[in-house]
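Only one structure is covered here, and it is reproduced in the block below.
Numbering (the numbering used here), first residue to last: 4 to 373.
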(Lines of atoms letter the chains of each structure in order from A and count residues from 1; the text may use other names and numbers.)
(Lines give C-alpha, C1' and ligand atoms only; values in the text may rest on other atoms or scores of the structure.)
Protein backbone atom coordinates (compact mmCIF):
# COMPACT_ATOMS: atom_id res chain seq x y z
CA UNK A 1 0.00 0.00 0.00
CA UNK A 2 2.82 2.42 0.85
CA UNK A 3 6.51 2.60 1.65
CA UNK A 4 8.84 5.18 3.12
CA UNK A 5 11.18 5.00 0.11
CA UNK A 6 11.52 3.10 -3.18
CA UNK A 7 14.63 4.69 -4.66
CA UNK A 8 16.23 1.51 -6.02
CA UNK A 9 13.44 -1.09 -6.04
CA UNK A 10 9.63 -0.91 -6.01
CA UNK A 11 7.67 -2.09 -2.96
CA UNK A 12 5.41 -4.19 -5.24
CA UNK A 13 8.34 -6.55 -5.85
CA UNK A 14 7.89 -7.87 -2.31
CA UNK A 15 4.68 -9.63 -3.38
CA UNK A 16 5.72 -11.14 -6.72
CA UNK A 17 4.62 -14.79 -6.66
CA UNK A 18 7.86 -16.22 -8.04
CA UNK A 19 11.33 -16.30 -6.50
CA UNK A 20 13.61 -13.32 -6.99
CA UNK A 21 15.91 -13.23 -10.02
CA UNK A 22 19.00 -11.12 -10.65
CA UNK A 23 21.14 -10.44 -13.70
CA UNK A 24 24.39 -8.63 -12.80
CA UNK A 25 25.41 -5.66 -14.86
CA UNK A 26 21.93 -4.45 -15.85
CA UNK A 27 21.37 -0.79 -15.03
CA UNK A 28 18.70 1.86 -15.53
CA UNK A 29 18.45 5.48 -14.45
CA UNK A 30 18.06 4.40 -10.80
CA UNK A 31 21.14 2.18 -10.75
CA UNK A 32 21.55 -1.58 -10.93
CA UNK A 33 18.20 -3.24 -11.53
CA UNK A 34 17.06 -5.23 -8.51
CA UNK A 35 14.15 -7.64 -8.11
CA UNK A 36 13.00 -6.49 -4.70
CA UNK A 37 12.23 -3.48 -2.55
CA UNK A 38 15.33 -1.37 -1.94
CA UNK A 39 15.60 2.03 -0.29
CA UNK A 40 18.32 4.66 -0.62
CA UNK A 41 21.23 4.92 1.80
CA UNK A 42 19.85 6.65 4.86
CA UNK A 43 21.93 9.64 5.98
CA UNK A 44 19.58 10.76 8.74
CA UNK A 45 18.10 9.12 11.86
CA UNK A 46 15.16 6.78 11.44
CA UNK A 47 14.34 3.66 9.47
CA UNK A 48 12.39 2.55 6.40
CA UNK A 49 9.06 0.73 6.29
CA UNK A 50 6.53 -0.86 3.96
CA UNK A 51 2.80 -1.17 4.61
CA UNK A 52 0.87 -4.16 3.23
CA UNK A 53 -2.77 -5.27 3.11
CA UNK A 54 -2.98 -9.04 3.42
CA UNK A 55 -4.51 -10.88 0.49
CA UNK A 56 -6.77 -12.72 2.94
CA UNK A 57 -7.14 -11.83 6.64
CA UNK A 58 -6.16 -14.53 9.08
CA UNK A 59 -3.92 -15.85 11.84
CA UNK A 60 -0.23 -15.50 10.93
CA UNK A 61 1.98 -18.46 11.83
CA UNK A 62 5.28 -17.63 10.09
CA UNK A 63 6.96 -14.90 8.05
CA UNK A 64 9.84 -15.16 5.57
CA UNK A 65 11.89 -12.01 4.98
CA UNK A 66 13.77 -13.07 1.86
CA UNK A 67 16.99 -11.14 1.11
CA UNK A 68 17.99 -13.18 -1.96
CA UNK A 69 20.66 -11.38 -4.06
CA UNK A 70 21.00 -8.62 -1.48
CA UNK A 71 24.54 -9.13 -0.16
CA UNK A 72 26.12 -5.77 0.65
CA UNK A 73 22.89 -3.82 0.83
CA UNK A 74 20.50 -5.82 3.03
CA UNK A 75 19.02 -4.31 6.21
CA UNK A 76 20.74 -5.01 9.51
CA UNK A 77 17.47 -5.92 11.24
CA UNK A 78 13.69 -5.84 10.91
CA UNK A 79 10.56 -5.57 13.02
CA UNK A 80 7.09 -6.70 11.93
CA UNK A 81 3.79 -5.39 13.28
CA UNK A 82 0.20 -6.29 12.41
CA UNK A 83 -3.24 -4.83 12.96
CA UNK A 84 -6.88 -5.71 12.34
CA UNK A 85 -9.09 -3.05 10.76
CA UNK A 86 -12.63 -2.87 9.42
CA UNK A 87 -13.27 -1.62 5.90
CA UNK A 88 -10.63 -0.23 3.60
CA UNK A 89 -8.43 2.21 5.54
CA UNK A 90 -5.94 4.40 3.70
CA UNK A 91 -2.23 4.39 4.58
CA UNK A 92 -2.74 7.63 6.52
CA UNK A 93 -5.62 6.12 8.51
CA UNK A 94 -3.54 3.04 9.26
CA UNK A 95 -1.02 5.30 10.91
CA UNK A 96 -3.52 5.62 13.77
CA UNK A 97 -4.23 1.87 13.96
CA UNK A 98 -3.52 -0.26 17.02
CA UNK A 99 -0.34 -1.97 15.78
CA UNK A 100 0.75 -5.16 17.54
CA UNK A 101 4.34 -6.37 17.37
CA UNK A 102 4.42 -9.97 16.11
CA UNK A 103 8.15 -10.18 15.29
CA UNK A 104 10.40 -8.12 17.58
CA UNK A 105 13.38 -6.34 16.11
CA UNK A 106 15.59 -9.17 14.87
CA UNK A 107 18.87 -9.37 12.95
CA UNK A 108 18.79 -10.22 9.24
CA UNK A 109 21.30 -12.00 7.02
CA UNK A 110 21.85 -11.26 3.38
CA UNK A 111 21.14 -13.71 0.54
CA UNK A 112 18.96 -15.71 2.96
CA UNK A 113 15.40 -16.71 3.74
CA UNK A 114 15.09 -15.15 7.19
CA UNK A 115 12.19 -17.08 8.74
CA UNK A 116 10.36 -16.06 11.89
CA UNK A 117 7.70 -18.02 13.78
CA UNK A 118 4.64 -16.06 14.95
CA UNK A 119 2.66 -17.22 18.00
CA UNK A 120 -0.06 -14.54 18.15
CA UNK A 121 -3.45 -16.22 17.59
CA UNK A 122 -5.32 -13.05 16.61
CA UNK A 123 -6.69 -12.35 13.12
CA UNK A 124 -4.94 -9.56 11.22
CA UNK A 125 -5.71 -7.61 8.05
CA UNK A 126 -2.57 -5.45 7.56
CA UNK A 127 1.17 -5.74 8.10
CA UNK A 128 3.98 -3.23 8.60
CA UNK A 129 7.54 -4.29 7.82
CA UNK A 130 10.19 -1.98 9.33
CA UNK A 131 13.84 -2.34 8.25
CA UNK A 132 16.77 -0.81 10.10
CA UNK A 133 18.23 1.43 8.97
CA UNK A 134 17.71 0.88 5.20
CA UNK A 135 18.49 -1.60 2.44
CA UNK A 136 16.80 -4.21 0.28
CA UNK A 137 14.38 -7.13 0.71
CA UNK A 138 13.57 -9.36 -2.26
CA UNK A 139 10.31 -11.03 -1.16
CA UNK A 140 8.00 -11.11 1.84
CA UNK A 141 5.99 -14.27 2.52
CA UNK A 142 3.28 -14.36 5.19
CA UNK A 143 2.05 -17.86 6.05
CA UNK A 144 -1.00 -18.64 8.13
CA UNK A 145 -4.64 -19.69 8.34
CA UNK A 146 -7.31 -17.68 6.56
CA UNK A 147 -10.20 -16.62 8.81
CA UNK A 148 -12.90 -15.05 6.65
CA UNK A 149 -15.45 -12.54 7.84
CA UNK A 150 -18.69 -14.45 7.16
CA UNK A 151 -20.97 -11.41 7.28
CA UNK A 152 -20.54 -10.34 3.62
CA UNK A 153 -21.27 -13.92 2.48
CA UNK A 154 -24.70 -14.24 4.08
CA UNK A 155 -27.28 -15.27 1.49
CA UNK A 156 -24.73 -15.64 -1.31
CA UNK A 157 -23.64 -18.52 -3.51
CA UNK A 158 -19.84 -18.72 -3.42
CA UNK A 159 -16.88 -20.93 -4.30
CA UNK A 160 -16.75 -22.97 -1.11
CA UNK A 161 -13.26 -24.28 -1.97
CA UNK A 162 -11.62 -20.93 -2.71
CA UNK A 163 -8.37 -19.92 -1.04
CA UNK A 164 -9.99 -16.50 -0.57
CA UNK A 165 -12.11 -17.98 2.23
CA UNK A 166 -9.64 -20.54 3.59
CA UNK A 167 -10.32 -23.56 1.37
CA UNK A 168 -7.27 -25.80 1.09
CA UNK A 169 -5.86 -28.71 -0.87
CA UNK A 170 -4.94 -31.14 1.91
CA UNK A 171 -3.86 -34.21 -0.10
CA UNK A 172 -2.88 -35.18 -3.63
CA UNK A 173 -1.49 -38.31 -5.20
CA UNK A 174 1.24 -36.70 -7.28
CA UNK A 175 2.71 -33.20 -7.69
CA UNK A 176 5.54 -34.19 -10.00
CA UNK A 177 5.38 -31.26 -12.42
CA UNK A 178 3.25 -28.72 -10.56
CA UNK A 179 1.47 -28.70 -7.24
CA UNK A 180 -2.22 -29.39 -6.71
CA UNK A 181 -2.16 -26.47 -4.24
CA UNK A 182 -2.93 -24.13 -7.17
CA UNK A 183 -6.24 -25.77 -8.09
CA UNK A 184 -8.40 -23.64 -5.77
CA UNK A 185 -6.71 -20.32 -6.40
CA UNK A 186 -9.31 -17.61 -7.06
CA UNK A 187 -7.72 -16.51 -10.34
CA UNK A 188 -7.62 -18.04 -13.83
CA UNK A 189 -4.51 -19.94 -14.84
CA UNK A 190 -2.50 -17.98 -17.40
CA UNK A 191 -0.34 -20.91 -18.55
CA UNK A 192 -0.15 -24.68 -18.18
CA UNK A 193 2.52 -24.08 -15.55
CA UNK A 194 -0.09 -22.49 -13.26
CA UNK A 195 -2.16 -25.67 -13.10
CA UNK A 196 -1.74 -29.12 -11.52
CA UNK A 197 0.07 -31.77 -13.56
CA UNK A 198 0.97 -35.29 -12.46
CA UNK A 199 3.54 -37.56 -14.10
CA UNK A 200 2.59 -40.10 -16.76
CA UNK A 201 1.16 -43.22 -15.11
CA UNK A 202 2.47 -46.64 -16.11
CA UNK A 203 0.16 -48.64 -13.83
CA UNK A 204 -3.56 -49.30 -13.42
CA UNK A 205 -4.14 -46.63 -10.77
CA UNK A 206 -5.34 -43.05 -10.95
CA UNK A 207 -4.53 -39.68 -9.40
CA UNK A 208 -6.59 -37.74 -6.87
CA UNK A 209 -6.79 -34.45 -4.98
CA UNK A 210 -8.68 -33.71 -1.73
CA UNK A 211 -10.10 -30.29 -0.86
CA UNK A 212 -11.05 -29.15 2.61
CA UNK A 213 -13.76 -26.58 1.96
CA UNK A 214 -13.67 -23.18 3.63
CA UNK A 215 -17.28 -23.77 4.73
CA UNK A 216 -19.43 -26.86 4.70
CA UNK A 217 -22.26 -26.16 2.30
CA UNK A 218 -24.87 -27.31 -0.20
CA UNK A 219 -23.08 -27.74 -3.53
CA UNK A 220 -24.99 -26.69 -6.64
CA UNK A 221 -22.28 -26.62 -9.29
CA UNK A 222 -18.80 -27.96 -9.95
CA UNK A 223 -16.43 -26.13 -12.29
CA UNK A 224 -13.46 -28.12 -13.62
CA UNK A 225 -11.16 -26.12 -15.90
CA UNK A 226 -8.51 -27.84 -18.04
CA UNK A 227 -7.33 -24.55 -19.60
CA UNK A 228 -3.94 -24.76 -21.38
CA UNK A 229 -3.75 -28.56 -21.03
CA UNK A 230 -4.10 -29.72 -24.64
CA UNK A 231 -2.11 -32.94 -25.04
CA UNK A 232 -1.80 -33.88 -21.38
CA UNK A 233 -5.22 -33.02 -19.89
CA UNK A 234 -6.96 -35.40 -17.51
CA UNK A 235 -9.44 -37.30 -19.71
CA UNK A 236 -11.94 -38.36 -17.02
CA UNK A 237 -12.85 -37.45 -13.45
CA UNK A 238 -15.10 -38.67 -10.65
CA UNK A 239 -16.00 -36.47 -7.68
CA UNK A 240 -17.00 -37.43 -4.13
CA UNK A 241 -18.06 -35.49 -1.05
CA UNK A 242 -17.92 -36.00 2.69
CA UNK A 243 -19.74 -34.13 5.43
CA UNK A 244 -16.60 -33.84 7.57
CA UNK A 245 -15.12 -30.32 7.69
CA UNK A 246 -11.72 -31.90 8.38
CA UNK A 247 -11.03 -33.96 5.28
CA UNK A 248 -10.76 -37.71 5.97
CA UNK A 249 -8.27 -40.07 4.38
CA UNK A 250 -8.80 -40.90 0.72
CA UNK A 251 -9.79 -44.49 1.51
CA UNK A 252 -11.89 -43.66 4.58
CA UNK A 253 -15.59 -44.56 4.65
CA UNK A 254 -18.06 -41.73 4.26
CA UNK A 255 -17.18 -40.47 0.76
CA UNK A 256 -20.40 -40.17 -1.26
CA UNK A 257 -20.62 -39.63 -5.02
CA UNK A 258 -21.24 -36.10 -6.29
CA UNK A 259 -20.34 -36.62 -9.95
CA UNK A 260 -20.11 -40.01 -11.66
CA UNK A 261 -17.04 -40.75 -13.76
CA UNK A 262 -17.27 -38.16 -16.53
CA UNK A 263 -15.29 -37.40 -19.68
CA UNK A 264 -13.41 -34.09 -19.97
CA UNK A 265 -12.21 -32.12 -22.97
CA UNK A 266 -8.75 -30.59 -23.20
CA UNK A 267 -8.34 -26.83 -22.74
CA UNK A 268 -11.98 -26.41 -21.68
CA UNK A 269 -13.96 -25.01 -18.75
CA UNK A 270 -16.53 -27.62 -17.72
CA UNK A 271 -19.58 -26.71 -15.62
CA UNK A 272 -21.44 -29.62 -14.01
CA UNK A 273 -24.71 -29.27 -12.03
CA UNK A 274 -24.70 -31.03 -8.66
CA UNK A 275 -27.94 -32.10 -7.01
CA UNK A 276 -26.71 -33.24 -3.55
CA UNK A 277 -29.01 -31.88 -0.84
CA UNK A 278 -26.68 -32.61 2.10
CA UNK A 279 -23.93 -30.34 3.47
CA UNK A 280 -20.45 -31.21 2.16
CA UNK A 281 -17.32 -30.24 4.08
CA UNK A 282 -14.66 -32.01 1.99
CA UNK A 283 -14.41 -32.93 -1.70
CA UNK A 284 -12.29 -35.59 -3.41
CA UNK A 285 -11.63 -35.46 -7.16
CA UNK A 286 -10.30 -38.61 -8.83
CA UNK A 287 -8.41 -38.05 -12.10
CA UNK A 288 -8.30 -40.97 -14.55
CA UNK A 289 -5.62 -41.97 -15.17
CA UNK A 290 -3.37 -38.89 -14.79
CA UNK A 291 -2.75 -35.57 -16.56
CA UNK A 292 -3.42 -31.97 -15.75
CA UNK A 293 -6.14 -29.57 -14.57
CA UNK A 294 -5.88 -25.83 -14.06
CA UNK A 295 -8.68 -24.92 -11.61
CA UNK A 296 -11.54 -26.47 -9.63
CA UNK A 297 -14.48 -24.48 -8.24
CA UNK A 298 -17.08 -25.84 -5.79
CA UNK A 299 -20.07 -23.51 -6.08
CA UNK A 300 -22.71 -23.55 -3.35
CA UNK A 301 -24.26 -21.92 -0.29
CA UNK A 302 -22.92 -22.04 3.26
CA UNK A 303 -24.63 -24.48 5.62
CA UNK A 304 -26.23 -22.66 8.62
CA UNK A 305 -24.25 -24.64 11.19
CA UNK A 306 -21.00 -23.91 9.34
CA UNK A 307 -21.96 -20.22 9.22
CA UNK A 308 -22.38 -20.19 13.02
CA UNK A 309 -19.01 -21.85 13.59
CA UNK A 310 -17.34 -19.40 11.23
CA UNK A 311 -18.95 -16.44 13.00
CA UNK A 312 -17.68 -17.43 16.41
CA UNK A 313 -14.24 -18.32 15.06
CA UNK A 314 -13.96 -14.94 13.32
CA UNK A 315 -15.19 -12.80 16.23
CA UNK A 316 -13.06 -14.57 18.84
CA UNK A 317 -9.90 -14.03 16.77
CA UNK A 318 -10.35 -10.27 16.24
CA UNK A 319 -7.88 -7.93 17.94
CA UNK A 320 -9.70 -6.03 20.73
CA UNK A 321 -9.86 -2.71 18.88
CA UNK A 322 -11.46 -4.27 15.80
CA UNK A 323 -13.87 -6.36 17.92
CA UNK A 324 -15.06 -3.20 19.66
CA UNK A 325 -15.50 -1.43 16.34
CA UNK A 326 -17.66 -4.29 15.02
CA UNK A 327 -19.92 -4.17 18.06
CA UNK A 328 -20.25 -0.39 18.02
CA UNK A 329 -21.12 -0.49 14.31
CA UNK A 330 -23.80 -3.08 15.13
CA UNK A 331 -25.42 -0.63 17.52
CA UNK A 332 -24.33 -1.97 20.91
CA UNK A 333 -23.64 0.40 23.79
CA UNK A 334 -20.18 1.02 25.17
CA UNK A 335 -20.81 -0.90 28.40
CA UNK A 336 -22.04 -3.94 26.49
CA UNK A 337 -19.12 -3.68 24.07
CA UNK A 338 -16.46 -3.72 26.78
CA UNK A 339 -18.12 -6.61 28.61
CA UNK A 340 -18.52 -8.77 25.50
CA UNK A 341 -14.96 -8.23 24.28
CA UNK A 342 -13.61 -9.22 27.69
CA UNK A 343 -15.84 -12.35 27.75
CA UNK A 344 -14.22 -13.85 24.67
CA UNK A 345 -13.86 -16.56 23.58
CA UNK A 346 -17.61 -16.81 23.11
CA UNK A 347 -18.98 -20.23 22.29
CA UNK A 348 -22.11 -21.54 20.63
CA UNK A 349 -24.76 -21.62 23.31
CA UNK A 350 -23.19 -18.78 25.30
CA UNK A 351 -25.93 -17.34 27.52
CA UNK A 352 -27.46 -13.88 27.28
CA UNK A 353 -25.99 -12.74 23.98
CA UNK A 354 -27.58 -9.54 22.70
CA UNK A 355 -29.64 -10.14 19.56
CA UNK A 356 -27.47 -7.74 17.56
CA UNK A 357 -24.34 -9.73 18.42
CA UNK A 358 -26.10 -13.06 17.90
CA UNK A 359 -27.07 -11.94 14.40
CA UNK A 360 -23.41 -11.17 13.63
CA UNK A 361 -22.12 -14.45 15.00
CA UNK A 362 -24.83 -16.77 13.73
CA UNK A 363 -26.14 -15.06 10.63
CA UNK A 364 -29.45 -13.34 9.90
CA UNK A 365 -32.48 -15.34 10.93
CA UNK A 366 -30.52 -17.68 13.17
CA UNK A 367 -30.00 -15.46 16.20
CA UNK A 368 -31.65 -16.58 19.40
CA UNK A 369 -30.06 -14.07 21.75
CA UNK A 370 -31.71 -12.08 24.47
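For each residue, glycine too, the CB sits at the ideal point set by N, CA and C. Quantities reported herein were computed from a predicted structural model and do not represent experimental measurements.
Distance, residue 54 Cα to residue 129 Cα: Your numbering for residue 129 matches position 126 in the chain shown. Your numbering for residue 54 matches position 51 in the chain shown. A direct Cα-Cα distance of roughly 7 Å separates residue 129 from residue 54.
- prompt: Which one or two residues does DSSP pair with residue 272 in a beta bridge?
  reply: By 1-based counting over the chain shown, the position of residue 272 is 269. According to DSSP, residue pairing for residue 272 in a beta bridge involves 228.
field: Neighbour-count burial assignment, residue 435, 16 or more Cβ in a 10 Å radius
entry: Since the first and last residues shown for the chain are 4 and 373, residue 435 lies out of range.
- prompt: Of the residues 68, 206, 340, 184, which one's Cα is nearest the Cα of residue 138?
  reply: Walking along the chain shown from the start, residue 138 turns up at place 135. The shortest Cα separation from residue 138 among 68, 206, 340, 184 belongs to 68.
task: Could you check the C-alpha separation between residue 200 and residue 239 for me, to the nearest Å?
output: Within the chain shown, numbered from 1, the residue matching residue 200 stands at position 197. Within the chain shown, numbered from 1, the residue matching residue 239 stands at position 236. Those two C-alpha atoms are separated by around 14 Å.
Option nearest residue 274 by Cα separation, candidates 97, 4, 299, 186: Walking along the chain shown from the start, residue 274 turns up at place 271. It is 299.
- request: Using three-state DSSP, classify residue 324 as helix, strand or coil.
  value: For the purposes of this step, residue 324 is identified with residue 321 of the chain shown, where counting begins at 1. Here residue 324 sits in helix by DSSP.
query: Buried or exposed: which applies to residue 165, given that a residue is buried once 16 or more other Cβ atoms fall within 10 Å of its Cβ?
result: Walking along the chain shown from the start, residue 165 turns up at place 162. Around the beta-carbon of residue 165, 16 or more other beta-carbon atoms lie within 10 Å, marking it buried.
field: N- and C-terminal bounds of the beta strand (DSSP E) containing residue 363
entry: Numbered from 1 along the chain shown, position 360 holds the residue referred to as residue 363. No beta strand (DSSP E) contains residue 363, which is instead part of the alpha helix (DSSP H) from 358-365.
- request: For the beta strand (DSSP E) holding residue 80, just list the boundary residues, first then last.
  value: Residue 80 sits at position 77 when you count from the first residue of the chain shown. Residue 80 -> beta strand (DSSP E) spans 80-86.
message: Helix, strand or coil, according to DSSP, for residue 318 in the structure here?
response: Reading the chain shown from its first residue, position 315 is the one you call residue 318. It is helical.
- request: Jot down the residue ranges of each uninterrupted beta strand (DSSP E) in the region 166-219, minimum 3 residues, whole runs only, in chain order.
  value: Whole beta strand (DSSP E) segments, 3+ residues: 171-175.
Bridge partner(s) assigned by DSSP for residue 285: Taking the first residue of the chain shown as position 1, residue 285 is located at position 282. For residue 285, which the question treats as bridged, DSSP gives the partners 215, 245.
- request: Would you kindly work out how many angstroms separate the C-alpha atoms of residue 124 and residue 354, rounded to a whole number?
  value: Residue mapping note: residue 124 aligns to position 121 of the chain shown, counting from 1. Residue mapping note: residue 354 aligns to position 351 of the chain shown, counting from 1. So the alpha carbons of these two residues sit roughly 25 Å apart.
query: For the candidate residues 97, 43, 74, 278, whose alpha-carbon lies nearest to that of residue 224?
result: Counting from one through the chain shown, the residue named residue 224 turns up at place 221. Measuring from the Cα of residue 224, the nearest candidate turns out to be 278.
query: Where does residue 6 fall in DSSP's three states?
result: Within the chain shown, the letter at position 3 stands for residue 6. Strand.
field: Bridge-paired residues (DSSP) for residue 299
entry: Locating residue 299 in the chain shown gives position 296, counting from the first residue. According to the DSSP secondary-structure assignment, residue 299 is paired through a beta bridge with 227.
- request: Rounded to whole angstroms, what's the CA-CA distance from residue 289 to residue 211? Just pull it up for me.
  value: What you label residue 289 is simply residue 286 of the chain shown in a count that begins at 1. What you label residue 211 is simply residue 208 of the chain shown in a count that begins at 1. Here the alpha carbon of residue 289 sits roughly 4 Å from the alpha carbon of residue 211.
message: Whether or not the region 12-26 and the region 39-49 are in contact is what I'm after, with contact meaning three or more pairs of Cβ atoms, one per stretch, closer than 8 Å; do they touch?
response: With the rule of 3 Cβ pairs closer than 8 Å, the region 39-49 counts as touching the region 12-26.
task: Tell whether a beta-carbon distance below 8 Å holds between residue 84 and residue 103.
output: Working through the chain shown from its first residue, we reach residue 84 at position 81. Working through the chain shown from its first residue, we reach residue 103 at position 100. Going by beta carbons, residue 84 and residue 103 fall inside the 8 Å limit.
task: Label residue 365 either buried or exposed according to how many other C-beta atoms from any shown protein chain fall within 10 Å of its C-beta, with 16 as the threshold for buried.
output: Here residue 365 refers to the residue found at position 362 of the chain shown. Flag for residue 365 reads buried.
- prompt: Apart from the five residues on each side of it in sequence, which residues of its chain come closer than 8 Å, Cβ to Cβ, to residue 282?
  reply: By one-based count along the chain shown, residue 282 stands at place 279. Answer for residue 282: 219, 220, 221, 246, 306, 308, 309, listed in chain order.
- prompt: Does the region 109-120 come within contact of the region 76-90, defined as at least 3 CB pairs closer than 8 Å?
  reply: Flag = yes, the region 109-120 and the region 76-90 touch.
message: Rounded to whole angstroms, what is the Cα-Cα separation between residue 159 and residue 320?
response: Residue numbering aside, residue 159 sits at position 156 when the chain shown is read from its first letter. Residue numbering aside, residue 320 sits at position 317 when the chain shown is read from its first letter. Taking C-alpha positions only, residue 159 is separated from residue 320 by approximately 23 Å.
message: What does the alpha-carbon distance come out to for the pair residue 146 and residue 61?
response: As a working note, residue 146 is residue 143 in the chain shown. As a working note, residue 61 is residue 58 in the chain shown. Computed Cα separation, rounded: 9 Å.
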